[in-house]
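There are 2 protein chains.
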Amino acid sequence: MSRKRQATATDVARLAGVSQSAVSRAFTPGASIAEETRERVAEAARQLGYRPNAIARSLTTRRSRIIGVAASYLQNHFYPDVLEALSRGLQARGYQMLLFMPDAGRHADPQLQEVLAWRVDALILASTTLSSELADQCQAAGIPVLLFNRTSRGPSVSSVTGENERGGRLIAEFLVAGGHRRLGFLAGLENSSTSRDREKGFAGWLAENGHPPPLREVGLYQFEAASAAARRLLARPDRPDAIFCGNDHMATAVAEVARHEFGLRIPRDLSLVGFDDTGPARWPSFSLTSFSQPVQPMVDATVALVCEMIENPAAPTRHEVVRGELLVRGSARMPPEGCVSLGEQLVWRPVRDG
Amino acid sequence: MSRKRQATATDVARLAGVSQSAVSRAFTPGASIAEETRERVAEAARQLGYRPNAIARSLTTRRSRIIGVAASYLQNHFYPDVLEALSRGLQARGYQMLLFMPDAGRHADPQLQEVLAWRVDALILASTTLSSELADQCQAAGIPVLLFNRTSRGPSVSSVTGENERGGRLIAEFLVAGGHRRLGFLAGLENSSTSRDREKGFAGWLAENGHPPPLREVGLYQFEAASAAARRLLARPDRPDAIFCGNDHMATAVAEVARHEFGLRIPRDLSLVGFDDTGPARWPSFSLTSFSQPVQPMVDATVALVCEMIENPAAPTRHEVVRGELLVRGSARMPPEGCVSLGEQLVWRPVRDG
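If you want it as structure tokens, here you go:
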């Protein structure tokens with residue numbers, strides 16, 4: 001197979017009767033150019049079989065228009081939803097997404113290095129945190145880093161999260177108001193900020209209000225590990241009458257075990273509350289009461305923030321928190337009051353004295 | 355914030371006491387280099403804060419080591435599983451994944467053009483087919499294209515698929531052997547090769563064996579559309595006693611509607627069979643009998659084929675078909691014979707005369 005000589009931007013400019021800079025702008029996402037010019041350039045490019053060269057463009061503009069995205073744990077419906085929204089959001093701003101999936105348990109630095117070699121304009125980390133060393137390297141290189149649905153214990157890195165702690169507090173209050181007396185908590189990954197913050201809110205509210213601490217098991221945010229944890233919790237003589245599961249993905253696993261292995265009815269024998277409001281949580285079989293992490297607002301905040309950080313890499317660190325709601329469905333006994341309609345959805349708005 | 359002068363490969367070579375070409379090989383995925391040399395280079399790079407430049411490397415090697423991947427429809431658990439496996443498989447071969455998600459219903463060409471501008475080494479399309487024009491462009495530019503879980507009607511493009519037609523035939527035989535008499539078929543996207551081929555196998559076997567054609571509805575591979583289609587099918591006076599749903603994602607929607615809106619018991623009142631063997635299909639609540647499309651073998655075949663195509667862009671088109679099994683679970687009435695154990699799994703191996 002022989003390759004024809006590749007047409008250049010100069011060839012296109014000549015045929016379209018425009019300047020070479022107009023050709024360049026026509027193929028730079030977001031660049032300013034008259035629609036009529038853009039169409040003339042596109043037509044000339046089509047005729048000549050010209051393809052713009054993003055690599056050459058990135059050398060000229062010193063902007064790659066690539067954003068590195070680390071994601072994994074796609075078994076949890078929340079993350080596929082996030083990926084789709086993020087991809088659309090970044091594409092709309094003229095960015096491509098270089099996706100990499102760190103292996104669970106393996107240090108992500110070597111893979112991140114390869115992503116950084118592409119001179120990405122920014123990094124969005126949705127499934128890993130950053131080592132201090134790599135955070136320093138990114139800062140030295142002026143590459144903005146944003147954590148999605150997590151915060152960093154060590155170096156201060158900008159982040160977008162849901163209301164993990166407030167969600168945990170509200171769920172504790174909701175379950176106590178619903179008359180539950182033996183509460184359980186199913187933790188996710190112990191070193192994740194989401195699990196820590198949700199537990200802090202849940203256990204914190206219980207302690208402040210004179211209730212015993214919840215029975216506790218660890219489900220690692222995984223279906224199998226959550227199933228095993230549910231077996232341990234439900235086999236106890238002092239079985240909990242309500243379990244706050246660290247996310248919906250684990251809550252569906254607990255529901256499966258409770259029904260199919262222990263013959264329990266939900267919520268008559270056991271109340272379940274999850275976190276995220278995603279995927280199967282909304283199906284009638286699960287109908288999970290869950291604290292929401294609304295994907296589109298979280299992704300919108302992420303795209304806006306990352307674009308700002310690219311424009312101004314020296315801007316101070318920011319932590320955006322996107323508001324959620326405790327959505328009341330059928331998986332947990334309802335308190336006698338405090339559940340109010342919000343559109344077609346029932347939400348928990350506790351009635352407080354004063 | 356001031357940036358230090360960026361260390362160069364020459365600085366690293368000098369400090370490590372190796373040639374510049376050794377530095378380059380140390381940072382080229384898959385390149386041959388002694389481990390001891392690689393470590394000396396890595397240490398020198400770390401001390402100097404040197405980051406390899408993949409953009410410069412791609413200009414030298416004329417290989418970007420980026421593969422463009424089009425995916426979407428992540429609501430169906432099959433695709434997140436594919437993405438994770440594909441990302442790991444490509445990373446292991448030293449490739450990065452430039453992911454883009456074509457908007458449903460919109461022509462993907464403009465987005466593909468931007469991906470091609472990155473001089474990707476290959477394109478894997480898991481959620482869209484290629485227009486003839488773009489296929490020609492890719493061929494002219496020597497960019498291998500591979501269709502995943504789909505085939506192309508128009509220009510001949512290499513592909514990796516499951517056994518769509520054979521799966522459809524086996525499911526028809528299985529349901530008839532199980533004593534079902536009014537079969538339904540829930541189609542996916544009408545213009546998708548998967549839906550066409552599965553239906554061809556299903557309806558073809560029925561016709562060849564003297565059975566009436568199945569009742570037919572279209573679920574577009576979407577949860578909501580499949581739910582609506584299920585309502586139409588189940589409200590008929592001649593309601594089917596078994597439905598072959600074009601994939602598991604639609605089958606879970608049908609199960610939800612059948613149970614929670616029509617009060618049907620599965621499989622006593624209605625048998626369901628899906629396709630894919632993915633995610634919730636395996637949960638006890640659904641326990642779907644399903645023809646499998648094994649993700650890891652499909653992805654392994656894809657990664658191997660795409661690497662071959664990159665090495666030899668002139669190689670002839672290939673269509674790899676990965677073998678599946680009809681996995682027998684609880685959602686469909688079983689035939690009196692033909693179900694055999696395969697490891698911990700029951701599969702359908704029809705007993706044939708002769």
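From first to last, the protein sequence lines stand for chains W and Y.
With this note's numbering, letter number 147 in the first sequence gets 147, and the count goes up by one each step, no holes.
If you want this note's numbering, it's the position in the second sequence, counting the first as 1, plus 354.
Even glycine gets a Cβ: it sits at the ideal position worked out from N, Cα and C.
Keep in mind that this is a model prediction, so the values were computed, not measured.
Inter-residue Cα distance where the pair is W/A70 and W/I124: 6 Å
In or out: Y/E438 buried (at least 16 other Cβ within 10 Å) or exposed? Result: buried.
Just curious, the beta strand (DSSP E) that Y/W702 is in, first and last residue? Q699 to W702
Which ranges would you report for the beta strand (DSSP E) in the region 262-309 of chain W if only whole runs of at least 3 residues count? 271-276 and 289-292
Find the nearest neighbour of Y/L529 within the set Y/A655, Y/T643 and Y/R586, judged by alpha-carbon distance. Y/T643
Apart from the five residues just before and just after Y/A370, which ones in its own chain have a Cβ nearer than 6 Å to its Cβ? R394, V395 and A398
Counting only beta-carbon separations shorter than 9 Å, does W/T194 have a partner in chain Y? no
For Y/R570, the first and last residue of its enclosing beta strand (DSSP E): L569 to V572
Give the single residue among Y/S412, Y/Y433 and Y/T482 whose Cα lies nearest to the Cα of Y/V649. Minimum Cα distance to Y/V649 is reached at Y/Y433.
Rounded to whole angstroms, what's the CA-CA distance from Y/I664 to Y/D475? Just pull it up for me. 7 Å
Jot down the residue ranges of each uninterrupted beta strand (DSSP E) in the region 309-341 of chain W, minimum 3 residues, whole runs only, in chain order. 319-321
Through-space distance from Y/A607 to Y/G692, alpha-carbon basis: 28 Å
Residues bridged to W/F244 by DSSP? W/F185 and W/V273
Which residues does DSSP list as the beta-bridge partners of W/S192? In DSSP, W/S192 forms no bridge with anything.
How about Y/G678 and Y/G521: do their beta carbons lie closer than 9 Å? Yes, these two residues count as a Cβ contact at 9 Å.
If we count the other Cβ atoms within 10 Å of its Cβ and call it buried at 16 or more, is Y/E578 buried or exposed? exposed
Might you give, ordered along the chain, the residues of its own chain that have their beta carbon closer than 6 Å to the beta carbon of Y/L618, omitting 5 neighbours on each side? A612 and L624
Beta-carbon spacing of Y/V499, Y/T505 below 9 Å: Not in contact: Y/V499 and Y/T505 (Cβ atoms no closer than 9 Å).
Backbone secondary structure at Y/S386 - three-state DSSP: coil
Between which residues of its own chain and Y/G633 is the CB-CB distance below 6 Å, once the five residues before and five after are set aside? Closer than 6 Å at Cβ, skipping near neighbours: H431.
Taking only the alpha-carbon atoms, compute the straight-line gap between W/D197 and Y/G403 and give it to the nearest angstrom. W/D197 and Y/G403: Cα-Cα distance of roughly 35 Å.
Cα-Cα separation between W/P350 and W/L342, rounded to whole angstroms: 14 Å
Short of 7 Å in beta carbon distance, which residues of its chain neighbour W/V12, apart from the five on each side in sequence? Order them along the chain. Only V23, V41, A44, A45, L48 and Y50 meet the Cβ criterion.
Per-residue burial, Y/Q576 [other beta carbons within 10 Å of its own, 16 or more giving buried]: buried
With DSSP run on the structure shown, which of helix, strand or coil describes Y/G422? Shown here, Y/G422 sits in a strand according to DSSP, grouped into three states.
Chain W contact residues for Y/Q491, given Cβ-Cβ distances below 8 Å: Neighbours of Y/Q491 in chain W, taken as residues whose beta carbon is under 8 Å from its own, are G49 and R51 in chain order.
Since Y/D463 and Y/L488 are thought to touch, with beta carbons under 8 Å apart, how far apart are those beta carbons, to the nearest angstrom? 5 Å
Measuring alpha carbon to alpha carbon, tell me which of W/R182, W/A255 and W/N209 ends up nearest W/L170. W/N209
Near W/F262, which residues of its chain fall below 6 Å by C-beta distance, leaving aside the five closest residues on each side in sequence? L234
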